[in-house]
Structure formats: structure tokens, C-alpha cells
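Novice:
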Amino acid sequence: MSETVLRSPSKEALDTDVKDGELPARLAATWGTAAGLIGALSTVDHKIIGRRYIITGFFFLFLGGLAAVAIRLQLARPDNTLIGPDLYDQIFTMHGTTMMFLFGVPIGEAMAVYLVPLMVGTRNIAFPRLNAFSYYVYLFGGLMIWIAFALNIGPDNGWFSYVPLAGPEFSPGKRADFWAQMVTFTEVSALAVAVEIIITVLKLRAPGMTLDRIPLFVWAMFVNAFLIIFAMPAVMLGSTMLILDRLLDTHFFNQAEGGDPLLWQHLFWFFGHPEVYIIFLPGTAFVSAIVATFARRPVFGYSAVVLSLIATGFLSFGLWVHHMFTTGLPQLGATFFTASSMMIAIPSGIQIFCWIATLWDGKPVYRTPLLFVLGFFFIFVAGGLSGIMLASVPIDTQVHDTYFVVAHFHYVLIGGAVFPLIGAIYYWFPKFTGRMLREGLGRWHFWLALIGFNIAFFPMHISGLRGMPRRVYTYPAEMGWDALNLVSTLGATLFVASFLVFLYNVVVSSRGGEIAGDNPWDASTLEWATTSPPPPHNFDHVPFVTSRELLWAERQTLPVVAGLAVDKREVLVTTTTQALPDLKESSPDPTIWPLISAIVVTAIFIGSIFTPWAVAWGAPVASFVIIAWFWPKSTEENV
Amino acid sequence: MLDRRSVLLLLPLILAGCAGWQSVLDPEGPRADLLANLFWVFTAIVAAVWLMTMAVLVLALLRRRAARADPLVLEPEAERSMARAVGAAAALTAAIVVALTLVSYGAQRALFDSHEAELTLLVKGHQWWWEVTYEDAQPSRSFTTANEIHVPVGEPVLLKLRSSDVIHSFWVPSLAGKMDLIPGRENLLIIEATREGVYRGQCAEFCGWQHAHMAMTVVAHSAEDFERWRESQISAAKPPDNPVRKRGMEIFLTRPCVMCHQIRGTPAAGRVAPDLTHFGSRLHLAAGTLANNRGNLAAWIIDPQGIKPGAHMPLVKLGAEEIEPLVSYLEGLR
Ligand code: HEM
Ligand SMILES: [Cu+2]
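Protein chains in written order, with my numbering: chain P, -2 to 636; chain E, 675 to 1008.
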């Protein structure tokens, strides 16, 4: 085995001192999660938290999907009275809110939490306790909004909650407050995870993983984390102003008192447009990984893809006004946003071309993950192109806020995020569980999903053009929209049914699936260099990266680094660009305090909906638990 | 006055409910025409791009080639030609994007260049109906109506859009694109019809419970018919012409109806609900929710919340024998 040994003056047992046979067990004991409930709740293992994150994300996808089914049932026939306006408005709001805030953003981060530390070859994520905290905050925020819905006080102003409709005058009661606080919850957790990802990528990469050896997956998640950091504060500001308007009688959005309802739209969409890229960039991460593995060659145009990712990130902040083309903006300004919106097609296009080139030159292996990526091309490219149409101010004045837009954004969201995500689950399930998903069921899932999706959403383009606005709880028979809507509903049913196949597959395969082995797809990135599922410490020896496609380049033995402590949690910090070994840093032990902090924060957030005093009384408690969390232990610094 | 005959003539159009009714694809005015053409140009181009991309993808999958023994052994010549292909595709994308931006900008100039028109209407959005005021230099000649807009054919009509509560959006797709009504602001929109007919539109910005039932009708007439209609609307309501209707008027004036509705020529002067002065001449009631006929009108008065849940018209308790005269009276307000 080729080894690079790090020398250090420390007196503890290092992996160089331990026999190879003993090492895994001793590392696992150091990095493991204690048994029992307290142990489970205290864990700081990024894989365990990542798995919970992923399962929770799918749970919310499932709830959001049920809401979609209810929407489609109500719209299946004209003048339907199945669901009245009050409930319908709550349902479509819960659908959009859940899909965007509780599924779309968190699921990308969840996959990153699990996979990024493995792919960069480290033993845990940076700030693992913050990671635990962010998961609990996300879970509690999501539960809060769904419990409110179950109690018939769910939000009902749509997922972008325009004022003044969502303001104190037109939405009395607590519904809009729950919505605004749900945003705060997701904010806190999303920002925390973004910081963890950025630091993990910048400082915890395995030695040798220079910037140009970072896998495209990691690049995409890294850029995505920056988008989150820059976009989220805008909506946090907005939702705080909304809460203040509603609870403390401020007038940020009240035009009668010198406020401005359009301010909300600017703040919301300054977040909301990058938001859709926040949902899409993880999709590109999955596609890059899957295409390389199943085309049996590295992704063509590595630098072009990375630069496109970064360009997409920047451009996504210059487009928000295209959601506001019908608000009566000055025309010249609007044209600027037409141009910038269309321009983002260029970096997205370059990525697509590079992937197609990869498939062209490679020798595709048609397994389920690749099928879902092909579905992604089919659907996402269509959605991107209808986006080009929407970027045109004149065309947008006709189709804005109609079912044409509903069709468009489901093509990009489901095509760009959900299809790659499902491909990713088929792809990494063996790593997560040690077992393969069944291929035959996977194919059924794919074809039902592809066909069901298009039957559900293609007709919506037409119903939109034929005058059907979005967010209507019913429509008169004489509008001539019934056939289109019925077809949409049937397609949606098929689409949802395909997910039952998936669920079944996950359940049977996690018990009885074929044993996967370390690297069932013969992939090249580092997560496949360890066992499936990985041990608590991820790698017995931290790998030494000599190539971008390490597992393809080093087929005989993997070069590794030695010299890390065995009996205490220690990770290797490397330099930002060259990834030279820099420090050995201790990684925090498990603790229950993140959970307690999350509970306290949740109590404050929910309490503040009912009384501002919740913040005043909660603050000292929160300070107390946070002090407990950070209470210094006497650890000596290793350099 | 809009004569019965023309209403009857329009009826089939209303019932047919398709062509020109509420569709981007059935433009019936110069602006909607322009928009439809632009739409088709874009559609053709993006469809071609989609087909090309998919064709290349399918070719990439079907291409015969030998399996690669080592995924890392790449052929420099092939890499170079792929780089050229990707570069060309990116350049083509950029060119298409620039061209479409210019085309779009040209159309935008043509659409929004002028906001000049002979006829100016003030359209005010309410949860969930439309108040329409025909302005006139002579105040005595301006009047207010609701949920129905009449315009002369072939003439641009300027709408000044305002809102009294939340954000709404005015959209009659066969005549023009949409424009929002935002509290505290005034937006402008020009609509124009090239043919006589009835065009339906509906609120396009979610505005609460009855967003789905916030429609409006645009009736386009010849210039003469329009003038006749306008004159009839300027005049106050005629007094009831038979005892049943007279009784109906008494009921209207002694019940809570007067607190919200206005009927010019009577003491009813409420302004928070649709003006009913010439209610009988309108095609629909409750902002396009129902066709305007005796049965529907009676049903609406008996139970507005059953028909349009959440609407800001309360249930007014009336005796069974009071419905008939009230309906007759309202029907007679032509
Ligand atoms: C079973 C699959 C799905 C179906 C059948 C479906 C159907 C629909 C329909 C019909 C609407 C329009 C509701 C209305 O305007 O009244 C809608 C809205 C929406 N959908 Fe979906 N959807 C599905 C999955 C998704 C997914 C996976 C996402 C995101 C990742 C998503 C995001 C949204 C958003 C953001 C809205 C807008 C909600 C609003 O107007 O506030 N949907 N969906
Ligand atoms: Cu409205």
C-alpha cells in the first residue's frame, strides 16, 4: 500500500501504530453512534443525519404529492364541488410550499450532507453539531406547517404569499403567520447546511484533491451552497417584515401608510428565482455523476461544466423581475430582464451539450439511474425552452399566471430536479443501504413516471393558452377546458402511481435486495472507495487523491494518508486550493444539545406567532442552551 | 340601449364558448394578434431546438461503438471534435437567444409605444368583481357599471387599472395581454377588438377565495351601437313600469341591499358593491359566475354564499313572496 504518513508530536495512538486488522473496529468505536434513543438523538454522524434528511425530504414529497392529487381530483371536472375554495386554497398553498421549501431545497442539501464528505474523502462534515441542529429545525418547521394544515389553519395565499392578500387586513387569523415562520425555519436550516458544505469543500478535502480534481457533483453542491447563502436572506427579510406588519402593526407593505406591496415581490423573487436554481443545481450534480458512470468515461468538458455552474449561479440573481412583468414596470428595465433571463439558457445549454457529448463518446449502460437521466433530458429541455418563451415580456403578458406557467415550472422542477433525484436514489441506494434496488421495478417506475408526467403536464400548456388561470378552484363547463383537465388528472394519477412502485421497491430491496458490494457500478468517485454502507468513520485510511477519477486511475491500490488519531475524532484539514495537508483538527463528539437547542428555537418561533413576548422570554433560554452546546472541554490542540 | 336582438345574436357565441371566447390562440384584436404571432414564432423556434437536441441525444445513444476497455483512455481527436461541436452548439444557442431577445423587444415596442386612446375607462378591481367607470370630460356624462365592458370595434380603449383591496390582474386574452391592478398604483392597458363579439376575461392574479369567479365580459359593437349603449347607460334607471316591479323596488330600498348597491335615480347609493342601474342589460351576474336570467338571479339572491362562497354579499333574509318582485324589478333595470 502506498502511504503518505503525517508526523505529529502528539502522544495519542495514531493509525500508524495500530495493526491493519484492528484499525476498522477501533475507528468505528471512536466515530460510532451510541445505542439507544439518546444516542440516536445525539448523533453527529453526517450519514445518519443525511439519511434522516433524505427520508424526511421524501416524506414531504409524499405529502406534497397527496396535495397535488387532491388538486387534480378537484379540477378533473368543471364546476366540481369536491373541495371548496377555502380548502382548495390551503391545499395548493401547502403543495407549493411543501414542494419548494420542505422538499426542493432540503433534499438537495440532504444528498449533499450524506455524499459530499464521502466524495471529498473526509470523516465527517464540517460543524457536525450544527448539522444535527439544522436537521431538527427543518423537521420541526415542516411538521409545524402540516399540523397547522391538519387543524384547518393552514396557509392559503399561495407559496409566494403576495401582500396585501397575505397582510393583516385581508388574511386575519394565524394562517399567514404560520407560513412566514415556516420560511424562517427553512431559512435557518438551509443556511446552516450551506455553511457546512462550503467549509467541508474548502477545508476538508482529502490531500491531493486540488480544485481541478473536485468531482462535478461536489462543485454543483458547492455553488449551490453559495446561492443559498446569497438568496435566502432576501426572503428572510421579507418574511420578517411580513410578520412585523401582521403582528406589530408596522407598514412595510401597506401602501396607505407609505409602504409598498411591490417591495414584497422584489424581496420574494430576489430569493425566489435563485431558489429554482437551488432546486436545479443538485439535479445537475446527480446528472454529472450518473452520466460519467454509465457512459463509462469522465464527463466531457469538466472546466466548461464548472464554469457554467458558476455562471448559472451569478446569472440566477439577475432574473427575478421576470416574475413581475405584468406589474407595470418601466419597459426598458423589463427588457433588461428579458435579456438576462434568456442568457441563462447559455450556461444551462453548455452543460446539456457536455453531457450529451459524454454519452456520444461513451458506451452507455442502460441501468435505471441512466434512464432517469435520459428522462431528465427529455423533460427539462422542454421546460427550459418554454422558459425562454416566458422570458419575453410580451408573451409573458399572455401566459403569466396561467396553466401554461404551471406546465412550464413542473417541466423544469420535476424534469430538472425530481427525475435526476430519483436516478440518484437508484444510483446511491446501494451505498446507503448495502443493497441494490430491483432493476425490473426501476424500469416500470421510469416508464410510468415518464409517460404519466407528460400526460399530466403537457395538456396544461394548452389549457393555459386557452385561458385557464392558475389557482382557480373550479371553472365553468362552457370554458371548454374539461377534456384537457381530465387528461391531466389521469396522467397525474399514473405519475403518482409510479411512485408507489418506487416505494415498494425501496421497501422490499432494503431487506431483500441483492448485496451491492463497495462499488457495484464501477464508479470513479471516492464514496465508492469504502464499504456499503460506509463505516462510521467513512474510510479506514483517508485517501490520497492523485486523479480526478481516482477509482478508475488507481485500480490496484488506493494511495492513502496515515497519521490520524484512532481513539479520538480527528479530521485532516487541507489547504483551500492545493489541498495540501495543513492541520489535524478534532471533530466534535455527539451531544444532545443541538436537539435541545432546536426545540427551544422551535418554541420561540412558534410562540412568536402568538405573542412577541415569546422572543423576549425565549432569548435567555436559547442563550443558555447554546452556551451548554459550546461549553469548552479541555482538549489539546493538535497541529 | 343594447337591443335585445343583438344580445340574442351574440348568444350562440357565448354558448359555443370557444372561438374568441377566452383564448390566447384566438386573437380578435391587433394587440392580441401581435402576441399570438410572436407566440407562434417562439414556439416554432423552440420546438425546432428541442427536436434537434433530442435527435442528437438519440443519435448519441444509438451510435455504434466499441466498449472502452479503460474509461480513462480518451481519443484526443474525438475530444477535439466534440469540443468543436459543443462550442458550435453554444454559439448557436447564444445566437438564437440574441435573436429572440431582439424579436421580443420589437414586439414590446409596438405593444407599449402609445397609451393614447379616445375612450378611457377606469377599471377598479374588488374582491371579487370589477367596477368600470366610463370617464367623460363632462362629469354628468360619466357613469359606472360593473363586470361588463362595452367598446366600439376598431378603436383602442385605454384602461386605467386600480385596485381597492388586493392585487388582481386584468386579462382578456383575445384582446390583449394582462396587466396587474395594484393597490396604490395605476397601471395602463390598451385593449382593442377588430370584430364585433363577446370576449371573456378573468382575473389572473390570485386574490382570495373567489379568484375563480372573478370574470368579466367585453362586448364589442359597431360605433353606432356603442354610442346607443353609452347613452342608455348614462341615463338613470327608469322607474318601474308595473306594480310587481314597483313592489320589487320597495323591497330593494327597504332592505340591506341599498347599503352596498347603487341604482342611479333611486335613493340606493351604496358604492361597495356593483352598480345595478342597468343591471338587466348585462349578460352575466356575480362577475361572470352565472348567466343573467330569472332563475339564476333568484338563486343568487336567495343564497349568494352557496353559489360563490366567501363573496362579500351577505345572505339577506327575504320572505318567499318577496323574491319574485325583486327579481322582476332588477330584470327591468335595462
Ligand atoms: C404528482 C405530481 C404533481 C402534480 C400532479 C402537480 C400538480 C400541480 C398543479 C395542478 C398545480 C396548480 C394548482 C393551482 O394553480 O391551483 C401545482 C402547483 C405547484 N406545484 Fe405541483 N404538482 C406535482 C408535483 C410538484 C413538484 C415535484 C413540485 C416541486 C418540486 C411542484 C411544485 C409546484 C409549485 C411551486 C406550485 C405552485 C403553487 C402555488 O400556486 O402557490 N409540484 N402543482
Ligand atoms: Cu382578482
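Backbone N, C-alpha and C define an ideal beta-carbon position, used for all residues, glycine too.
Quick check: proline 533 of chain P and alanine 107 of chain P, are their CB atoms within less than 7 Å of each other?
Specialist: Against a cut-off of 7 Å, the Cβ pair of alanine 107 of chain P and proline 533 of chain P comes out as no contact.
Novice: Could you compute how far the alpha carbon of glycine 33 of chain P sits from the alpha carbon of arginine 210 of chain P?
Specialist: Looking at the two C-alpha atoms, the distance is approximately 40 Å.
Novice: For alanine 762 of chain E, which three-state DSSP category applies?
Specialist: Helix.
Novice: From threonine 355 of chain P to isoleucine 275 of chain P, what distance separates their C-alpha atoms?
Specialist: So the alpha carbons of these two residues sit roughly 24 Å apart.
Novice: Given threonine 119 of chain P, which residues of its chain have a CB within under 6 Å of its CB, disregarding the five upstream and five downstream residues?
Specialist: These residues qualify, in order along the chain: Leu201 and Val568.
Novice: Between which two residues does the alpha helix (DSSP H) carrying tryptophan 804 of chain E extend?
Specialist: Looking at the DSSP string, tryptophan 804 of chain E is not in any alpha helix (DSSP H); the run it does join, the beta strand (DSSP E), is 803 to 808.
Novice: Output yes if chain E places a C-beta closer than 7 Å to the C-beta of alanine 619 of chain P; else output no.
Specialist: So no, alanine 619 of chain P is outside the interface.
Novice: Measuring only between beta-carbons, confirm whether phenylalanine 334 of chain P sits less than 7 Å from chain E.
Specialist: No, its Cβ sits nowhere closer than 7 Å to a Cβ of chain E.
Novice: Tell me which residues share the same chain as arginine 679 of chain E and place their Cβ nearer than 6 Å to its Cβ, disregarding the 5 neighbours each side in the sequence.
Specialist: Confidence at arginine 679 of chain E is low in this model, with a pLDDT of 44, below 50, so the placement of that residue is unreliable and no value is reported for it.
Novice: What are the boundary residues of the alpha helix (DSSP H) that alanine 331 of chain P is part of?
Specialist: Where alanine 331 of chain P is concerned, the enclosing alpha helix (DSSP H) stretches over 328 to 340.
Novice: Is the beta carbon of valine 932 of chain E closer than 7 Å to that of alanine 947 of chain E?
Specialist: Against a cut-off of 7 Å, the Cβ pair of valine 932 of chain E and alanine 947 of chain E comes out as no contact.
Novice: Across which residues does DSSP place lysine 920 of chain E in a beta bridge pair?
Specialist: Paired residue(s): none; lysine 920 of chain E is not in a bridge.
Novice: How would you call histidine 442 of chain P, buried or exposed, if buried means at least 16 neighbouring beta carbons within 10 angstroms?
Specialist: Counting Cβ neighbours within 10 Å, histidine 442 of chain P comes out buried, since at least 16 surround it.
Novice: With three or more beta-carbon pairs closer than 8 Å as the criterion, would you say the segment 391 to 400 of chain P touches the segment 452 to 461 of chain P?
Specialist: At 8 Å Cβ cutoff, the stretches touch.
Novice: Is the separation between the beta-carbon of tryptophan 216 of chain P and that of valine 303 of chain P shorter than 7 Å?
Specialist: Yes; because the gap between Cβ atoms is below 7 Å, this pair is in contact.
Novice: Just confirm the distance between the C-beta atoms of leucine 127 of chain P and alanine 189 of chain P, as a whole number of angstroms; I'd bet it's less than 8 Å.
Specialist: The pair is a contact, with the Cβ atoms about 5 Å apart (cut-off 8 Å).
Novice: With a CB to CB cut of under 8 Å and the five nearest residues on each side skipped, what residues in its chain are close to valine 1001 of chain E?
Specialist: Cβ neighbours of valine 1001 of chain E beyond the five flanking positions: Gly922, Arg968, Leu971, Ala972 and Ile975.
Novice: Please confirm if the segment 152 to 159 of chain P is in contact with the segment 575 to 592 of chain P, defined as three or more CB-CB distances below 8 Å between the two stretches.
Specialist: Output reads no: the segment 575 to 592 of chain P does not touch the segment 152 to 159 of chain P.
Novice: Using the beta-carbon count (16 or more within 10 Å), is glutamate 634 of chain P buried or exposed?
Specialist: Low per-residue confidence applies at glutamate 634 of chain P: pLDDT is 46, beneath 50, and the placement is therefore not dependable, though the value from the model is reported in the following sentence. Label assigned to glutamate 634 of chain P: exposed.
Novice: Just tell me which of E:Leu1004, E:Ile770, E:Asp810 and E:Ser838 has its CA closest to the CA of phenylalanine 953 of chain E.
Specialist: Looking at the Cα atoms, E:Leu1004 is the closest of the given residues.
Novice: Could you check the C-alpha separation between glycine 384 of chain P and valine 777 of chain E for me, to the nearest Å?
Specialist: Rounded to the nearest angstrom, the two C-alpha atoms are 16 Å apart.
Novice: For a test of your reading of the model: does the CB of methionine 888 of chain E fall under 6 Å from any non-hydrogen atom of ligand 2? Yes or no.
Specialist: Checking every heavy atom of ligand 2 against the Cβ of methionine 888 of chain E, one is found closer than 6 Å.
Novice: Check whether the Cβ of proline 701 of chain E lies closer than 7 Å to any Cβ atom in chain P.
Specialist: It does not; no Cβ of chain P falls within 7 Å.
Novice: If we define contact as Cβ-Cβ less than 7 Å, is alanine 379 of chain P a contact residue for chain E?
Specialist: Cβ-Cβ to chain E under 7 Å: yes for alanine 379 of chain P.
Novice: Can you give the Cα-Cα distance for phenylalanine 473 of chain P and glycine 761 of chain E, rounded to whole angstroms?
Specialist: The displayed chain sequence assigns proline, not phenylalanine, to residue 473 of chain P. The alpha-carbon atoms of proline 473 of chain P and glycine 761 of chain E are separated by roughly 50 Å.
Novice: What does tyrosine 470 of chain P touch in chain E if you count any residue whose Cβ is under 7 Å from its own?
Specialist: Correct list: Ala886.
Novice: Quick check: leucine 793 of chain E and threonine 807 of chain E, are their CB atoms within less than 7 Å of each other?
Specialist: Contact: no.
Novice: Buried or exposed for alanine 22 of chain P, going by 16 or more other Cβ atoms inside 10 Å?
Specialist: Label assigned to alanine 22 of chain P: exposed.
Novice: Under 6 Å: does the beta carbon of histidine 958 of chain E sit that close to some heavy atom of ligand 2?
Specialist: Because no heavy atom of ligand 2 lies under 6 Å away, the Cβ of histidine 958 of chain E does not count as near it: no.
Novice: Mind checking the segment 563 to 582 of chain P against chain C and listing, in chain order, the residues whose C-beta falls within less than 8 Å of any C-beta there?
Specialist: Included in the structure are the protein chains P and E, with no chain C among them.
Novice: Does asparagine 516 of chain P come out as helix, strand or coil in the three-state DSSP assignment?
Specialist: If DSSP states are grouped into helix, strand and coil, asparagine 516 of chain P belongs with coil.
Novice: Against chain P, which members of the segment 871 to 885 of chain E pass a CB distance test of less than 9 Å?
Specialist: The segment 871 to 885 of chain E vs chain P, Cβ under 9 Å: Arg874, Gly875, Gln876, Cys877, Ala878, Glu879, Phe880, Cys881, Gly882, Trp883, Gln884 and His885.
Novice: Is DSSP giving leucine 950 of chain E helix, strand or coil here?
Specialist: Reduced to three states, the DSSP call for leucine 950 of chain E is coil.
Novice: Can you find the residues in the same chain that come closer than 6 Å, C-beta to C-beta, to serine 131 of chain P, ignoring five residues on each side of it along the sequence?
Specialist: Taken in chain order, the residues that qualify are Ser186, Ala189 and Val190.
Novice: Using a Cβ cut-off of 7 Å, which residues of the segment 305 to 333 of chain P contact any Cβ in chain E, in chain order?
Specialist: For the segment 305 to 333 of chain P, which is checked against every Cβ of chain E, the residues closer than 7 Å are Thr323, Thr324, Gly325, Gln328 and Thr332.
Novice: Say yes only if the C-beta of histidine 842 of chain E is nearer than 6 Å to one or more non-hydrogen atoms of ligand 2, and no if none qualify.
Specialist: Yes, the Cβ of histidine 842 of chain E comes within 6 Å of a heavy atom of ligand 2.
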